[in-house]
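Here the structure comes first, spelled out in structure tokens, and everything after it is commentary.
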Amino acid sequence: MSQIQQVKDAHNIVDIIGNRLTLQRAGSNFKGLCPFHSEKSPSFFVSEEMQRFRCFGCGESGDVYTFLEKYEGMTFAEALETLAKEAGIQLEQFVPDKQDELRSELLAVLDLAREYYHWLLTTHAAGKPAREYLKERKTSQESIKQFQMGFALTQWDGLIKFLHGKKKYSLEVLEQAGLVIRSRSGRVYDRFRGRVMFPLRNHRGQVVGFSGRLLPTLAEGDDEGAKYINSPETLVYHKSELLFGYSELLQAIRKQSRVILVEGEFDVISSAQAHVSHVAAIKGSALTPQHVRLLGRTVDAIVLCLDADKAGIAATQKAIEVVNAEQLSRERPLELRVLRIPGGKDPDDLARSDPKAWREAAKHSISAYDFLIEVAFEQHDANSASGKRSIMQFVAPWLAKVQHAVEREHYVQTLSNRLDVSESSIEKDLKIAARPERRKRQSKSADSEEHTKELTRQEQLERRLWFLVLHSKGDQFLQRLEKFSEHELIMPGAQMLLKALQSAQAHDWQTIARNLPKDQQELVFELYSEESVLDQDYEVTTAEWQRTLTQLKQEVIHGQIQQISDALEKLEQKKELSEEEQNEQDELLRTLVALRRK
Numbered sequence: 021m022s023q024i025q026q027v028k029d030a031h032n033i034v035d036i037i038g039n040r041l042t043l044q045r046a047g048s049n050f051k052g053l054c055p056f057h058s059e060k061s062p063s064f065f066v067s068e069e070m071q072r073f074r075c076f077g078c079g080e081s082g083d084v085y086t087f088l089e090k091y092e093g094m095t096f097a098e099a100l101e102t103l104a105k106e107a108g109i110q111l112e113q114f115v116p117d118k119q120d121e122l123r124s125e126l127l128a129v130l131d132l133a134r135e136y137y138h139w140l141l142t143t144h145a146a147g148k149p150a151r152e153y154l155k156e157r158k159t160s161q162e163s164i165k166q167f168q169m170g171f172a173l174t175q176w177d178g179l180i181k182f183l184h185g186k187k188k189y190s191l192e193v194l195e196q197a198g199l200v201i202r203s204r205s206g207r208v209y210d211r212f213r214g215r216v217m218f219p220l221r222n223h224r225g226q227v228v229g230f231s232g233r234l235l236p237t238l239a240e241g242d243d244e245g246a247k248y249i250n251s252p253e254t255l256v257y258h259k260s261e262l263l264f265g266y267s268e269l270l271q272a273i274r275k276q277s278r279v280i281l282v283e284g285e286f287d288v289i290s291s292a293q294a295h296v297s298h299v300a301a302i303k304g305s306a307l308t309p310q311h312v313r314l315l316g317r318t319v320d321a322i323v324l325c326l327d328a329d330k331a332g333i334a335a336t337q338k339a340i341e342v343v344n345a346e347q348l349s350r351e352r353p354l355e356l357r358v359l360r361i362p363g364g365k366d367p368d369d370l371a372r373s374d375p376k377a378w379r380e381a382a383k384h385s386i387s388a389y390d391f392l393i394e395v396a397f398e399q400h401d402a403n404s405a406s407g408k409r410s411i412m413q414f415v416a417p418w419l420a421k422v423q424h425a426v427e428r429e430h431y432v433q434t435l436s437n438r439l440d441v442s443e444s445s446i447e448k449d450l451k452i453a454a455r456p457e458r459r460k461r462q463s464k465s466a467d468s469e470e471h472t473k474e475l476t477r478q479e480q481l482e483r484r485l486w487f488l489v490l491h492s493k494g495d496q497f498l499q500r501l502e503k504f505s506e507h508e509l510i511m512p513g514a515q516m517l518l519k520a521l522q523s524a525q526a527h528d529w530q531t532i533a534r535n536l537p538k539d540q541q542e543l544v545f546e547l548y549s550e551e552s553v554l555d556q557d558y559e560v561t562t563a564e565w566q567r568t569l570t571q572l573k574q575e576v577i578h579g580q581i582q583q584i585s586d587a588l589e590k591l592e593q594k595k596e597l598s599e600e601e602q603n604e605q606d607e608l609l610r611t612l613v614a615l616r617r618k
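For the sequence shown, position 377 (counting from the first letter as 1) is numbered 397 according to the numbering used here, and the numbering increases by one without interruption.
What follows is the structure, encoded as structure tokens:
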């Protein structure tokens, strides 16, 4: 047995997924809301017998390794190492592929870069200007240590000398890690120079990139004037997934069950110093689905710290769409709120100048919908008919997305009172605003139905017979498998799967799955799974088996008749047949008669 299988056998997929999602028993299986797409009703099933999962909504499926790769963002090697460690198994035989090896090398070199930058800031004489700058910004030594802040030298090759010259990492690896830049002439130089450095960690605490804040008196080179520069997208760094400070402040975020999302690294650091530690910074312009999925594991509320300017309004509207799309896979709704700081200050300014005021402000946020309502009333005259119309045109498309009846009624009453119009008028506008979204959903549903119709009648019957075979018990499993094997099956992989199942000589899914290649494991679970019966123990009746088998036989014959009829039609279109063609026609006619009798 391979170590991959040994590690897999040491775990129950129900426990691994159940520790991350809410699962409920459904017959011999388990079901829950899918973490990979938005849904209100559970279509995500986990089979303990087969040790696999499948979502009937988005089509995601796989084993325990696949789940960790997709849910935790791990590579296969990382999933294997994680599960092996949990099971107390020492890995000896596993050989990672080239991408796994490169990923490990990139993480190692990035961590060394963090160590080097941190040493320059905290110990080396060259870091003195950066230390003075941080002192002016009231950044404490504890924060420098906690966030492992660093300093990049002003010279063009300071990091290269350390990582390439001393540590012997290739320039290609440094380039793929985003640490150096290669010019058109082929010259390689440090990406970050004369900057305060912030290591960017993923949710697992691994350094995957950097952000560098310019020190104006030291900066030189072609990036002069850019206050911040960040690592480019790499194999390990993806801007849409990263939240600065999330890893370092995870315990505080989890304890508060909410997170305040700010814009910059100093917003996070100064907030933590002011004892507002449930904060993180978005490394990009907007909240993404990846952010929401990550935060949804830890918090019940996401608080956006935004200005009421055009950018802040757009960010809130985008966040509403993202959260609404993603939170449906949660048992509890994920609340989206907005925190507005009086006086136009950012969190860094307020936390440094008045920590107590920032702690107090952090306690007071409003829902994203209330924020949009406030903005609408600030921008339009609620006393005029045109102003009232503009307010409703602004807020209606967003309030129409509110699904919870009590919450929706709250906003309807709020608008009714503030606009001095009837609640029924507000409801009418919300229904009108909801129509485009409804049409979009109906279109998606129609596309899904059309995709289902693509299977031919014979393919549909074959898949149904596979389903019946795989749900048969004891001796009937092998008997029906033998009967099924008498037919020429057209489904890809069917013949190989038949041989594999016949050689198993037992209806023990864990044994069967262990001996099947991965692609056949996936095929078996796909054929075995049917959403309408996975929440019960399906009983295959003899009548259903015989009826479906007969239908398949008839369909195969109909297909053969059609093929022969087409061939005869081609021959009949010819003005004169050769002797060979005449013989072919006679043989086809005899076969056609026999098939029609059959």
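For each residue, glycine too, the CB sits at the ideal point set by N, CA and C.
Fair warning: this is a prediction, and the values are worked out from it, not measured in the lab.
Residues sharing a beta bridge with residue i, DSSP
| i | result |
| --- | --- |
| Leu-359 | Cys-325 |
| Pro-219 | Phe-230 |
| Asp-210 | Val-200 |
| Gln-44 | Lys-51 |
| Val-66 | Phe-50, Phe-73 |
| Ser-81 | Arg-74 |
| Arg-278 | Ala-321 |
| Asn-250 | Ser-231 |
| Phe-286 | According to DSSP, which records beta bridges pairwise, Phe-286 is partnered with nothing at all. |
| Ile-36 | Answer is none; Ile-36 lacks a bridge partner. |
Closest by C-alpha distance to residue i, when choosing among the options
| i | options | result |
| --- | --- | --- |
| Ile-340 | Leu-356, Ala-396, Cys-78 | Leu-356 |
| Ala-294 | His-311, Asn-250, Ala-377, Asp-329 | Ala-377 |
| Val-343 | Val-422, Leu-270, Gln-413 | Val-422 |
| Asp-152 | Gly-170, Glu-135, Gly-494 | In the sequence under discussion, the amino acid at residue 152 is Glu, which differs from the Asp named in the question. Among Gly-170, Glu-135, Gly-494, the Cα nearest to that of Glu-152 belongs to Gly-170. |
| Gly-229 | Gly-214, Ser-205, Glu-261 | Glu-261 |
| Leu-419 | Asp-440, Ser-406, Asn-403, Phe-391 | Phe-391 |
| Glu-542 | Ala-30, Asp-35, Cys-75, Ile-36 | Cys-75 |
| Trp-565 | Ile-386, Lys-503, Ser-81 | Lys-503 |
| Asp-287 | Ala-301, Lys-181, Arg-567 | Ala-301 |
| Leu-326 | Gly-316, Ala-107, Thr-102, Ala-306 | Ala-306 |
| Lys-187 | Asp-131, Leu-569, Glu-482 | Asp-131 |
| Ala-150 | Thr-476, Ala-172, Arg-45 | Ala-172 |
| Thr-159 | Ser-505, His-144, Ile-37, Glu-285 | Glu-285 |
| Ser-505 | Gly-494, Glu-482, Lys-90 | Glu-482 |
| Ala-587 | Gly-579, Gln-571, Gln-574, Leu-608 | Leu-608 |
| Ser-61 | Thr-42, Ser-67, Arg-438 | Thr-42 |
| Lys-618 | Phe-64, Met-412, Glu-575 | Glu-575 |
Outcome for residue i when other beta-carbon atoms lying within 10 angstroms are tallied against a minimum of 16
| i | result |
| --- | --- |
| Ser-267 | buried |
| Gln-119 | exposed |
| Ile-510 | exposed |
| Val-426 | exposed |
| Glu-622 | With the chain covering only 21 through 618, there is no way to say anything about residue 622. |
| Thr-336 | buried |
| Asp-35 | exposed |
| Gln-271 | exposed |
| Leu-324 | buried |
| Gly-185 | exposed |
| Ser-492 | buried |
| Glu-596 | exposed |
| Leu-591 | exposed |
| Ser-468 | Residue confidence for Ser-468 is low, a pLDDT of 43 falling below 50, so the modelled location carries little weight; the figure read from the coordinates is stated next. Per the 10 Å Cβ criterion, exposed. |
Close beta carbons around residue i, own chain, < 6 Å, minus the five adjacent residues each side
| i | result |
| --- | --- |
| Arg-221 | Val-227, Ser-267 |
| Arg-72 | Asp-83, Phe-545 |
| Glu-470 | In this prediction, Glu-470 scores a pLDDT of 46, lower than 50, which makes its location untrustworthy; no coordinate-derived value is stated. |
Cβ-based neighbour list, residue i, same chain, cut-off 7 Å, excluding 5 preceding and 5 following
| i | result |
| --- | --- |
| Glu-253 | Lys-259 |
| Ser-410 | His-400 |
| Val-256 | Arg-123, Leu-126, Leu-127, Val-228 |
| Tyr-209 | Trp-176, Asp-177, Val-200, Ile-201 |
| Ala-466 | Residue placement at Ala-466 is poorly supported in this model, since its pLDDT is 48, which falls under 50; the coordinates still yield a value, given next. For Ala-466, where only same-chain residues beyond five positions count, there are no Cβ hits under 7 Å. |
| Gln-78 | Looking at the sequence provided, one finds Cys at residue 78 rather than Gln. Cβ within range, chain order: Cys-54, Phe-56, His-57. |
| Ser-385 | Val-323, Arg-357, Val-358, Leu-359 |
| Ala-107 | Val-27, Ala-30, His-31 |
| Ala-402 | Lys-408, Ile-411, Arg-438, Leu-439 |
8 Å Cβ shell around residue i - same chain, five flanking residues per side excluded
| i | result |
| --- | --- |
| Thr-472 | With a pLDDT of only 43 at Thr-472, under the threshold of 50, the placement of this residue in the model should not be trusted, and no figure is reported. |
| Ser-205 | none |
| Ser-585 | Leu-612 |
8 Å Cβ cutoff, residue i in contact with chain B
| i | result |
| --- | --- |
| Lys-158 | Among the chains in the structure shown there is no chain B, since it carries only a single protein chain. |
Complete runs of the alpha helix (DSSP H) confined to the region 153-187 [at least 4 residues]: The region 153-187 contains these whole alpha helix (DSSP H) runs: 161-166.
Continuous alpha helix (DSSP H) assignments of at least 4 residues falling wholly in the region 387-448: Runs of the alpha helix (DSSP H) inside the region 387-448: 388-399, 405-419, 425-439.
Completely contained alpha helix (DSSP H) runs for the region 285-316, where each covers 4 or more residues: Those alpha helix (DSSP H) runs which fall completely within the region 285-316 and span 4+ residues are 285-293, 309-315.
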